[in-house]
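Before any comments, here is the structure.
Protein chains: 2
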Amino acid sequence: MRNVASASIEQLINSSIFACMRKAIFYGLILALLIFALKTIEYKFLVRELPIEIYIGIIAVMFSVLGIWAGLKLTRPKRVIVRVAQSPFVLSEDNLKSTGISRRELDVLELMAEGLSNQEIADRLFLSLNTVKTHTSGLFIKLDVKRRTQAVQKGKELRLIP
Amino acid sequence: MRNVASASIEQLINSSIFACMRKAIFYGLILALLIFALKTIEYKFLVRELPIEIYIGIIAVMFSVLGIWAGLKLTRPKRVIVRVAQSPFVLSEDNLKSTGISRRELDVLELMAEGLSNQEIADRLFLSLNTVKTHTSGLFIKLDVKRRTQAVQKGKELRLIP
DNA sequence: TGCCAATTCATCCTTTCGGGTGAAGATGAA
DNA sequence: TTCATCTTCACCCGAAAGGATGAATTGGCA
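So the protein sequences, as listed, match chains A and B. If you want our numbering, it's the 1-based position in the first sequence plus 12. If you want our numbering, it's the 1-based position in the second sequence plus 12.
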C-alpha cells in the first residue's frame, strides 16, 4: 500500500514538471509574439497619435491580463485530499420499515451476523430454539434470501447491521 | 448528507466571493501604484537614455510577472475531492500463508462468502459436493471456526476475501 | 373493548452442514 | 525416486438449519 502511494506521487511530480515546462515554453512564445505584434503596430499607428502614458497603460493592462491568464493556466489545481472515514454506522430506519423486519428479528439478525448458531442465539436472548428459528424464518422471507450467510450479507447492504 | 454538502458549498461560494473582491481591490491598488511609480520614474531617468523598445519590454515583463503573481494569489486553491473509496482489496499473502489455506480452499471461501450452499459451490467450481465439504472442513480447521458464517467473518478480517 | 401485529413456543419433516475417515491421482520439491 | 501436499471424491452419521403450520400470550391502537 505504501509503495503504491509513493509511486503514484512520484509519477505526479514528474508529470507535473514536464507539463509545467511545456506550458511555460508555450506561454513564453505567446508573450514574445505579443511583444513583436506591439512593436509592429507601434510605429505604424499609435505612437504619434496618442500620448505615451496611455500607450504604456494599455501595454501594462494587456500584460497584466496575459499574466493573470497565464498564471491560472500554468498551475495545476491544488489538490486537497478529503478522506471519507468509516461512517460510525447508523441503522437505516427506512430499510427497517420497508422490509418490515421487527425489533426482535433484528436482534436475531445481529447475533446471526456474529456467526452464532440458532441455539447460541436462543441462549443469549433467553429464548427457545424454536422461537429463534421462527425469527430466522421471518428474516429470510423479509430479506428475500435462502440462507443465513445471505441474510447477513443483505443485512449489511441494507445497513441494518454494522 | 445532502443538506450538509450544499450548506458548505454555499458557505464556500460566499466566502470566496468576498475574498476575491478584497483581493481584487488589493491587487488593483498595487497595479495602480506600480503604474504611477513607472510614470514618475519615466521622465526622470529612463525615457531619454534607453530606446523605447527596451522600455516597453521592461514594462511588459514587469506586468506579466505581476499578472502571474496576482493570478496565483487571486484564486483560492481548486478543490479536487479525492474520495478514498473502497480500497481495491489486496489479498493478504501473509495471512494466506500463516493460515495454510490452499488456493482451492480460498476459491471455496469466496463463494461461501457470497452465501452459496455447498451444493451451489460444487456446481460453480465443477466439483462434487463431497469435495466442497472437504474444503470447507479444511477451512474451518485452518480458520479455527465452527460455522461458515464465522469463516466468512474471519476471512474478511484476515483480508482473504473482499 | 376488540382487533392486529409481535412475540413466544411447539411439532413434524426435509435439507444442509459439519465431523470423521479413507483413498486415489497429480504435483512438486528434496 | 520418494515423500509431502493438494486436490479430488466417497460413505456414514449426527447436528444444525430451514420450511410449514398451528397456537397461546402480550401490548398497542382504534
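For each residue, glycine too, the CB sits at the ideal point set by N, CA and C.
Item to complete: For Q165 (chain A), decide whether its Cβ has a neighbour in chain B, counting only Cβ atoms nearer than 8 Å.
Response: As a first step, residue 165 (chain A) must be located in the first sequence, where it is residue number 153. By the rule that beta-carbons nearer than 8 Å mark a contact, Q165 (chain A) touches chain B.
Item to complete: List the endpoints of the continuous alpha helix (DSSP H) containing L121 (chain A).
Response: Counted from its first residue, the first sequence places residue 121 (chain A) at position 109. In the DSSP assignment, L121 (chain A) falls within the unbroken alpha helix (DSSP H) covering 115-125.
Worksheet item: How about L78 (chain A): is its C-beta nearer than 8 Å to some C-beta of chain B?
Response: Taking the first sequence and counting its residues from 1, the one referred to as residue 78 (chain A) is at position 66. For L78 (chain A), the answer is yes, since a Cβ of chain B falls inside 8 Å of its Cβ.
Discussion item. Taking the straight line between their C-alpha atoms, what separation do you get for S129 (chain B) and R159 (chain B)?
Written reply: As a working mapping, residue 129 (chain B) is identified with position 117 in the second sequence. As a working mapping, residue 159 (chain B) is identified with position 147 in the second sequence. Here the C-alpha atom of S129 (chain B) lies approximately 13 Å from the C-alpha atom of R159 (chain B).
Practice prompt. Answer yes or no: do G150 (chain B) and Q162 (chain A) have a C-beta to C-beta separation smaller than 8 Å?
Written response: Along the second sequence, one-based indexing puts residue 150 (chain B) at 138. Along the first sequence, one-based indexing puts residue 162 (chain A) at 150. Judged by their CB atoms, G150 (chain B) and Q162 (chain A) are not nearer to each other than the 8 Å cut-off.
Worksheet entry | Length of the line joining the Cα atoms of N142 (chain A) and I153 (chain A) | Start at 1 with the first residue of the first sequence, and residue 142 (chain A) comes out as number 130. Start at 1 with the first residue of the first sequence, and residue 153 (chain A) comes out as number 141. Within the model, the alpha-carbon separation for N142 (chain A) versus I153 (chain A) is close to 17 Å.
Practice prompt. Report the rounded CA-to-CA distance for S140 (chain B) versus E132 (chain B), giving the unit in angstroms.
Written response: Numbered from its first residue, the second sequence carries residue 140 (chain B) at position 128. Numbered from its first residue, the second sequence carries residue 132 (chain B) at position 120. Rounded to whole angstroms, the separation of the alpha carbons of E132 (chain B) and S140 (chain B) is 10 Å.
Discussion item. Quick check on R136 (chain A) - is its C-beta less than 8 Å from some C-beta in chain B?
Written reply: The sequence position of residue 136 (chain A) within the first sequence is 124, counting from 1. Between R136 (chain A) and chain B, the shortest Cβ-Cβ separation is not below 8 Å.
Worksheet item: Should A72 (chain A) and F48 (chain B) be called a contact, given that it needs their Cβ atoms to be closer than 8 Å?
Response: Within the first sequence, the letter at position 60 stands for residue 72 (chain A). Within the second sequence, the letter at position 36 stands for residue 48 (chain B). Contact flag unset, no.
Fill in: Limits of the alpha helix (DSSP H) - the one that V144 (chain B) falls within
Locating residue 144 (chain B) in the second sequence gives position 132, counting from the first residue. Run containing V144 (chain B): 141-155, per the alpha helix (DSSP H) assignment.
Worksheet item: When burial is assigned at 16 or more other CB atoms within 10 Å of the CB, is G83 (chain B) buried or exposed?
Response: Residue mapping note: residue 83 (chain B) aligns to position 71 of the second sequence, counting from 1. Within 10 angstroms of the beta-carbon of G83 (chain B) lie 16 or more other beta-carbons, which makes it buried.
Discussion item. Less than 8 Å between CB atoms is the rule here; does I153 (chain B) satisfy it with respect to chain A?
Written reply: Position 141 of the second sequence, counted from the first residue, corresponds to residue 153 (chain B). Taking Cβ atoms only, chain A never reaches closer than 8 Å to I153 (chain B), which makes this a no.
Practice prompt. Determine the burial state of V102 (chain A): buried for a count of at least 16 other Cβ atoms within 10 Å of its Cβ, exposed for fewer.
Written response: Taking the first residue of the first sequence as position 1, residue 102 (chain A) is located at position 90. A residue is called buried when at least 16 other Cβ atoms come within 10 angstroms of its Cβ; V102 (chain A) does not meet this threshold and is exposed.
Discussion item. Less than 7 Å between C-beta atoms, sequence neighbours within five positions excluded: which residues of the same chain meet that for K145 (chain A)?
Written reply: Here residue 145 (chain A) is taken as the residue at index 133 of the first sequence, counted from 1. Cβ within range, chain order: N130.
Discussion item. Quick test of the definition: if touching needs 3 or more C-beta pairs under 8 Å, does the stretch 162-173 of chain A touch the stretch 118-126 of chain A?
Written reply: Touching, per the Cβ criterion.
Worksheet item: Given that a residue counts as buried once 16 or more other Cβ atoms are within 10 Å of its Cβ, and exposed if not, what is N42 (chain B)?
Response: By one-based count along the second sequence, residue 42 (chain B) stands at place 30. At residue 42 (chain B) the sequence reads Ile, which differs from the Asn that was named. Exposure of I42 (chain B) is indicated by the presence of fewer than 16 other C-beta atoms within 10 angstroms of its C-beta.
Practice prompt. Run down chain B in chain order and give the residues with a C-beta less than 7 Å from the C-beta of F159 (chain A).
Written response: For the purposes of this step, residue 159 (chain A) is taken as residue 147 along the first sequence, with counting starting at 1. Phe is not the amino acid found at residue 159 (chain A); the sequence shown has Arg there. Taking the beta carbon of R159 (chain A) as reference, the chain B residues within 7 Å of it are G127, S129, listed in sequence order.
Worksheet item: Using DSSP with H/G/I as helix, E/B as strand and the rest coil, what is F75 (chain A)?
Response: As a first step, residue 75 (chain A) must be located in the first sequence, where it is residue number 63. F75 (chain A) falls in the helix class under three-state DSSP.
Discussion item. Tell me the rounded alpha-carbon separation between V77 (chain B) and I37 (chain B).
Written reply: Within the second sequence, residue 77 (chain B) is the residue found at index 65, counting from 1. Within the second sequence, residue 37 (chain B) is the residue found at index 25, counting from 1. Approximately 18 Å between the Cα atoms of the pair.
Worksheet item: Beta-carbon of G83 (chain A) versus every beta-carbon of chain B: anything under 8 Å?
Response: Within the first sequence, numbered from 1, the residue matching residue 83 (chain A) stands at position 71. So, interface residue.
Item to complete: Count the other C-beta atoms from every protein chain shown that fall within 10 angstroms of the C-beta of E105 (chain B), then say buried if there are 16 or more, exposed otherwise.
Response: For the purposes of this step, residue 105 (chain B) is taken as the residue at position 93 of the second sequence. Burial call: exposed.
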